[in-house]
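Here's the structure, in structure tokens; my notes come after.
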Amino acid sequence: MLTDVEIAQGATLERIADIAERLGLSEEEYEPYGHDKAKISLQVLDRLADRPDGKLVLVTAINPTAAGEGKTTTNVGLSMALNRIGAQAITTLREPSLGPCFGMKGGAAGGGYAQVVPMDDINLHFTGDFHAITSAHNLLAALLDNSLHQGNPLRLDPKRITWKRVLDMNDRALRNIVIGMGKKGDGVVRESGFEITVASEIMAALCLATGLEDLKERFGRIVVGYTVDKEPVTAGQLEAAGAMAMLMKDAIKPNLVQTLENTPAIIHGGPFANIAHGNNSVLATRTALKLADYVVTEAGFGADLGAEKFFDIVAPAGGLRPDAAVIVATVRALKLNGGAQKSELGTEDVEALGAGLVNLEQHLENLAKFGVPVVVALNRFPSDTDAELDLVRERCGQLGVDVALSEVFTRGGEGGEDLARAVVELCERGSDYAPLYAEGTGLREKIETIATQIYRADGVDFAPTARTQLSELTEAGYGELPVCMAKTQSSFSDDPTLLGAPRGFTITVRELVVNAGAGFVVALTGDIMRMPGLPKVPAALGMDIAEDGTITGLS
1 MLTDVEIAQG ATLERIADIA ERLGLSEEEY EPYGHDKAKI SLQVLDRLAD
51 RPDGKLVLVT AINPTAAGEG KTTTNVGLSM ALNRIGAQAI TTLREPSLGP
101 CFGMKGGAAG GGYAQVVPMD DINLHFTGDF HAITSAHNLL AALLDNSLHQ
151 GNPLRLDPKR ITWKRVLDMN DRALRNIVIG MGKKGDGVVR ESGFEITVAS
201 EIMAALCLAT GLEDLKERFG RIVVGYTVDK EPVTAGQLEA AGAMAMLMKD
251 AIKPNLVQTL ENTPAIIHGG PFANIAHGNN SVLATRTALK LADYVVTEAG
301 FGADLGAEKF FDIVAPAGGL RPDAAVIVAT VRALKLNGGA QKSELGTEDV
351 EALGAGLVNL EQHLENLAKF GVPVVVALNR FPSDTDAELD LVRERCGQLG
401 VDVALSEVFT RGGEGGEDLA RAVVELCERG SDYAPLYAEG TGLREKIETI
451 ATQIYRADGV DFAPTARTQL SELTEAGYGE LPVCMAKTQS SFSDDPTLLG
501 APRGFTITVR ELVVNAGAGF VVALTGDIMR MPGLPKVPAA LGMDIAEDGT
551 ITGLS
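In UniProt numbering, the protein residues as written are 1 to 555.
In structure tokens form, the structure reads like this:
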């Protein structure tokens, strides 16, 4: 079979103007970026304000493993399949980060015959949104350090500054740095560091904003540090919000591209789900809901992370009501959860599969708590046996959940038609969506609710720093914000080695960080870090570009 990039390079793309026209957009409502990409004007939402929304379908997954699950591939394939069966659909996705593209995870444009294209542009610089986010973030950092240097009129405590700098690259050497070294004119010496751009609060604010004015207001609320009297200092006090918003004037507009089968795709924003809230922008989803009958969106990593954050943070912030959910699993990944060795995943092992199915079952039980009907998309591999497939159907059936086989990787939209029909049926049933915790719940209670009801921990151990921060954030008026858990994606616990559905553990919260502009509090658990490092053999080592511009090695 051809590689992903070879398949993408051989695709027949429609001109983006034709995609936009098919969606009913006028020439004034989109801005072409070449022949195959465009920015959608926010004016579309004003024009279509009275049009009923389409159905919203969330694609999530079991905890990711080295065996792979294919969540983005399923999202793209499902949108194409819905169009094949006569339901007008749009896929909405996050923009890929350069960090994992050149690191270990690879790109995020789908795979096989279920991709969004042009995949090389999407996986690389795309329309420059990440560069704008990085620039706006680092502008605030520069203004903050300049204020310190110019007499510190806001009385910032240099040891209580929380705003770091960001870079869209995996670079562990920048996690902890000292700035201001050198001459007196080189700034105030203090400890700082870098985080990856997808963890930036600018990214989160962009993805939750409802427009440019809302984004500017969110920027003004960002807490950059604390005074010597322990009072929060904001970007608004630094008079930075206007210039930051100016840098985002184009980045705030969702991006329009297409799939391999010319299904419209809106790709915008890109927070990770393990260290941020893990969903594409509210603006992209709301725009798609006005333009299509079905919108297929995706939540990052497993349902314990991206889906929980979609239901508890994104949907309430954006006024969204999901109609159905799809949880992606593979027999191979479930066997790995059940103790099978990666080298043996191609061999039938019903015992390991049975043991590993507890991971899928816990995710299904969790999704039921949000009141959204769900179907399992079983991403089929050639090595899957009838006995293994039957066992997955049997165990899911015991929970009242149907299983649809998905072969979109090898067959494109045609391989997802059964899944598409199951999704349409689910959407017709109706949804009783509700967040996990009620408004007004305190920070500690929200964290404990997620830990005990979603992760199934026995409780939460708050480190001394986190306990102090709980009190300080509550006193400062941030206690009623939703919580964004920063946790390993590999396990329900905060220990990545505990696969399946572990029990008898506690979640350790070591630090709390308020993202007042985004509108949530980040709880850092275990040893999770917000600046990844590169693996021993980075994916970048296998990438190249030829004289004619042909790219190889990108996946």
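No residue lacks a Cβ here, since even glycine has one placed at the ideal position from N, Cα and C.
{"Check": "Spatial distance of residue 544 from residue 551 (CA atoms)", "Outcome": "6 Å"}
{"Check": "Test item: CB-CB of residue 198 and residue 103 under 8 Å", "Outcome": "no"}
{"Check": "Exposure of residue 394, with buried meaning 16 or more beta-carbon neighbours within 10 Å", "Outcome": "exposed"}
{"Check": "Segment limits, beta strand (DSSP E) that includes residue 434", "Outcome": "Element bounds for residue 434: n/a, residue is neither H nor E."}
{"Check": "Residue 411 versus residue 81: straight-line alpha-carbon distance, rounded", "Outcome": "10 Å"}
{"Check": "Extent of the continuous alpha helix (DSSP H) to which residue 305 belongs", "Outcome": "Segment: none, residue 305 is in no alpha helix (DSSP H) and carries neither H nor E."}
{"Check": "Cβ-Cβ distance between residue 145 and residue 225 below 8 Å", "Outcome": "no"}
{"Check": "Nearest candidate by alpha-carbon position, reference residue 46, set 283, 371, 96 and 14", "Outcome": "283"}
{"Check": "The region 460 to 477 contacting the region 353 to 372, beta-carbon criterion three pairs below 8 Å", "Outcome": "no"}
{"Check": "Within 8 Å, strictly: CB atoms of residue 299 and residue 310", "Outcome": "yes"}
{"Check": "Beta-carbon gap between residue 443 and residue 521 smaller than 8 Å", "Outcome": "yes"}
{"Check": "Beta-ladder partner(s) of residue 39, from DSSP", "Outcome": "31 and 255"}
{"Check": "Bridge partner(s) assigned by DSSP for residue 406", "Outcome": "379"}
{"Check": "Sequence-distant residues of its chain with Cβ nearer than 8 Å to residue 501 (five each side left out)", "Outcome": "358, 359, 361, 362, 456 and 492"}
{"Check": "Among 339, 470, 346 and 534, the one whose alpha carbon lies nearest that of residue 589", "Outcome": "Lying before the first or after the last residue shown, residue 589 is absent from the chain, which here runs from 1 to 555."}
{"Check": "Unbroken beta strand (DSSP E) run spanning residue 461, endpoints", "Outcome": "459 to 462"}
{"Check": "Three-state secondary structure (DSSP) of residue 167", "Outcome": "strand"}
{"Check": "In DSSP terms, what residue 195 is bridged to", "Outcome": "166"}
{"Check": "Alpha-carbon spacing of residue 91 relative to residue 295, whole angstroms", "Outcome": "6 Å"}
{"Check": "Residues of its chain near residue 418, where Cβ-Cβ distance is below 7 Å and the 5 sequence neighbours each way are ignored", "Outcome": "404 and 405"}
{"Check": "Which of helix, strand or coil DSSP assigns to residue 100", "Outcome": "helix"}
{"Check": "Residue nearest to residue 348 in terms of C-alpha spacing, selected from 262, 387 and 195", "Outcome": "387"}
{"Check": "Contained alpha helix (DSSP H) runs [length at least 4] in the region 276 to 364, N- to C-terminal order", "Outcome": "282 to 291, 315 to 318 and 331 to 337"}
{"Check": "Helix, strand or coil at residue 122 according to DSSP, with G and I counted as helix", "Outcome": "helix"}
{"Check": "Residue from 65, 416, 489 and 73 with nearest C-alpha to residue 527", "Outcome": "489"}
{"Check": "Under the three-state DSSP convention, the category residue 450 falls into", "Outcome": "helix"}
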